[in-house]
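Down below is the structure, laid out as structure tokens.
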Amino acid sequence: MGGGDLSIKSFFSRMFHRRQQMRIFVQPRSSFDYLSEVGDGTGSSTVMAPLLWVARTFPEAPLGLWRRDEEGREERVLDHPMLRLVARPNQHYTGHTLWMATLLDWYVDGNAYWLVVRDRGGQPRELWWAPQWSIEPQGDEQTLVTSYRYRTGTRTIDIDPADVVHFRFGLDPDDGRLGYSPLKSVLREVFTDDEAANFTASLLRNLGVPGIMLSPDGFAPSREELEAVKSELKEMFTGDRRGEPLVMAGPSKIEQFGFSPEQLLLREIRRIPEERVTAVLGVPAIVAGLGAGLDRSTFTNAGEAREMAYESGIIPTQRMFAEDLRWQLLTLFEEDVWPWRVAFDLAAVRVLADDEDRLLRRLDVGVRSGWIEVAEARRAIGLPVDDVLARSDLYERPGKNPHAFCTDIDRAGDVRILCNLVPGEEWLSTTLHELGHAVYSSKNIPDSLPYVLRTDAHALSTEGIAMMFERFVGNAQFLKAMGVEIENPAAFDAAAEKIRRNRLLIFSRWAQVMFRFEKALYENPDQNLNALWWDLVEKYQMVRRPEGRDEPDFAAKIHVVTVPAYYHNYLMGELFAAQVHHALCREVLGGVEPRKAIYVGNPKAGEFLVKRVFAPGRTLSWQELCKFATGSPLEPTAFAYEISAGDRQQP
């Protein structure tokens, strides 16, 4: 900034001394000091209702940290000293409590402060909330902030800016060192609501009787008599004697003085402050539980309003807080914070979770962009399948086999799949499944192995890999790599994960039916198979058989005839898939949370699978392969974690 009379020195000098108290205390076209009457607004239920909703809801999304590598790939860092410090700032309260206090200050005053306490080595060890009224930035004409002046009791302490995290709501135009409270623009509305509440309370205190005027009719009493009557009336209509009958000694006229509650339309008067205050705070009145919103509420629009409040109110706030943490707190732990991203993990936020129908509709539209992108995504993780797709029969036609499969024609690299592709989640999932078989084939098994060993270790291992890739259908990052844009990736992933867990639980029951039916079939093929089928369906799937039903419904399942005694491989394959997936997350992705891991753009994932799963071919039994690939025998621990709702500890 140069030229003219506006030097940096004079610019700061003007900015620091421009503060106009009247602009803060007085509303437009008014000389009344609303701030001194209202205070900071926290005494008003109209203000506190939306603020408390924000304070309760904000901590639902945990703080997260991501780091970008030299190739531009981002990986989440699950354990970091900054995350630990925010989660447990000191021995007296948790991170949730810290956030609640911080948010109230930030909305009410436009400023919120954390004090950093260091150990003897200079490392941050504790965080403490400092009330906004107790601390204020100090500066001079050369430096924007030289220190923070902290008042505690009768003491005043100047604190180094490096030991203060200052969250600002924008910038105060009268003092750029401070944020500006959004509530200051609606102080008049808060005052209006307070006065309406006081008026209502006053009426109730007087038995709901508005102000009255009592005058003698036809005679002139003395002043002493008037004062006596006035005193008696106040005693009879207030306090414990309210409601006693009124008996006058002489003729009198009683007239209402002022307006009745109906005439004042108190309900309508209070609606306007509720609407204005909640609009400024970004929380619809219906979400805060205020009358202005409840009058027109339904279960449908209430849910939409909560989602809007989170997306338009809390998420932008989280982004602002995250950037402040990045540049003020993370710098205490990392020399260069440019490769780092601080954000709040929205995957666990209930109000943002899409339901299954919306998820499937979105996928149904998305996959219309074409199927070749599947090959591009596979190529990105080091497992190209372009040649497989080029040789495959992909689209439906009359008379074609409806059952998808993959086949290795010659165990020399000629691998093909058969599908009946139509736009939708089901066939995208099926295609990914079959391509999982395709990469676990002679394409990636060394041709140095004998022909009989140049195949998968067991059916359960190839099914496991196929199902591991099938899960990508519910990952926003994978779909983006295919050219499908997802509006809210975090909510999409959370909904898809919930769907996958439910499907796994349902499938585990279905697999029991198939396994036990075929076992009983081969033990005694002459028994009543129709009854056996429905006995098992009722026991394991808890589906009641139709009354009088006696048909060979089991025969509708193609595996009974074409791939007998095979279905248990799917369930065991899910266990194998979960265990391999967890090993890959641990050894390749740096310990990323398995439910959120994706391999798109990471060729090291492909290298891991080729070396640890595909390359041995059938030189190892499936038990040996599992231990070679994951470090332990096949066990249900990883699978149990996959189907848990999030409360199970990661293996």
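In the working numbering, the protein residues as written are 3 to 653.
By construction, the Cβ of each residue, glycine as well, lies at the ideal position given by its N, Cα and C atoms.
query                                                                                                     : result
The alpha helix (DSSP H) enclosing P91, as first and last residue numbers                                 : First-last for P91: undefined, no H or E at that position.
L577 and P638 closer than 7 Å at C-beta                                                                   : yes
Reference P400, options A406, N422, R511, L391, closest by Cα                                             : N422
Cα-Cα separation between K613 and E499, rounded to whole angstroms                                        : 28 Å
Counted within 10 angstroms of its Cβ, other Cβ atoms place V367 as buried (16 or more) or exposed        : Note on V367: pLDDT 48, under 50, position unreliable in the model; the coordinate value appears next. Exposed is the call here.
Alpha-carbon to alpha-carbon, R505 and A580                                                               : 15 Å
Host alpha helix (DSSP H) of H561 (start-end)                                                             : 561–564
Enclosing beta strand (DSSP E) for T158 [first to last residue]                                           : 157–161
E128, DSSP secondary structure in three states                                                            : strand
W108 - containing alpha helix (DSSP H), residue span                                                      : 97–111
V110 vs L185 beta-carbon contact at 7 Å                                                                   : yes
Same chain only: Cβ atoms within 7 Å of Q125, ignoring 5 sequence neighbours per side                     : none
Cβ pair E520, A567 closer than 7 Å                                                                        : yes
Three-way DSSP call (helix, strand, coil) for D537 in this model                                          : helix
Span separating the alpha-carbon of G305 from that of N530                                                : 51 Å
Length of the line joining the Cα atoms of R278 and V188                                                  : 7 Å
N504 - containing alpha helix (DSSP H), residue span                                                      : 491–525
D410 (DSSP reduced to helix, strand or coil)                                                              : strand
C-alpha distance - D165 paired with Y115, whole-angstrom precision                                        : 10 Å
Inter-residue CB distance, L80 and E595 (contact presumed, cutoff 8 Å)                                    : 6 Å
Counted within 10 angstroms of its Cβ, other Cβ atoms place G66 as buried (16 or more) or exposed         : buried
Segments assigned alpha helix (DSSP H), at least 4 residues, entirely inside the stretch 570–640          : 570–589, 605–611, 624–632
Beta carbon of L434 nearer than 7 Å to that of E465                                                       : no
F60 versus H98 - alpha carbon distance                                                                    : 9 Å
Residue range of the unbroken beta strand (DSSP E) whose run includes Q330                                : Run containing Q330: none in the beta strand (DSSP E); it sits in the alpha helix (DSSP H), 317–330.
Where R25 sits in the DSSP three-state scheme                                                             : Low confidence applies here, because R25 scores a pLDDT of 44, under 50, leaving its location unreliable; read the following figure in that light. DSSP places R25 in helix when its eight states are reduced to three.
Exposure label - V49; buried when at least 16 CB within 10 Å                                              : buried
Local conformation of E143 per DSSP, three classes                                                        : coil
Neighbourhood of F610 by C-beta, 6 Å cutoff - its chain only, sequence neighbours within 5 removed        : L586, V590
Which of helix, strand or coil DSSP assigns to T44                                                        : coil
Proximity of V475 and S510 at Cβ, strictly below 7 Å                                                      : no
Validate contact between the stretch 555–573 and the stretch 443–455 using beta carbons, cut 8 Å, 3 pairs : no
A483 beta carbon less than 7 Å from that of E436                                                          : no
V545, DSSP secondary structure in three states                                                            : coil
Range covered by the beta strand (DSSP E) that runs through A468                                          : That residue, A468, is in no beta strand (DSSP E); its alpha helix (DSSP H) goes 461–472.
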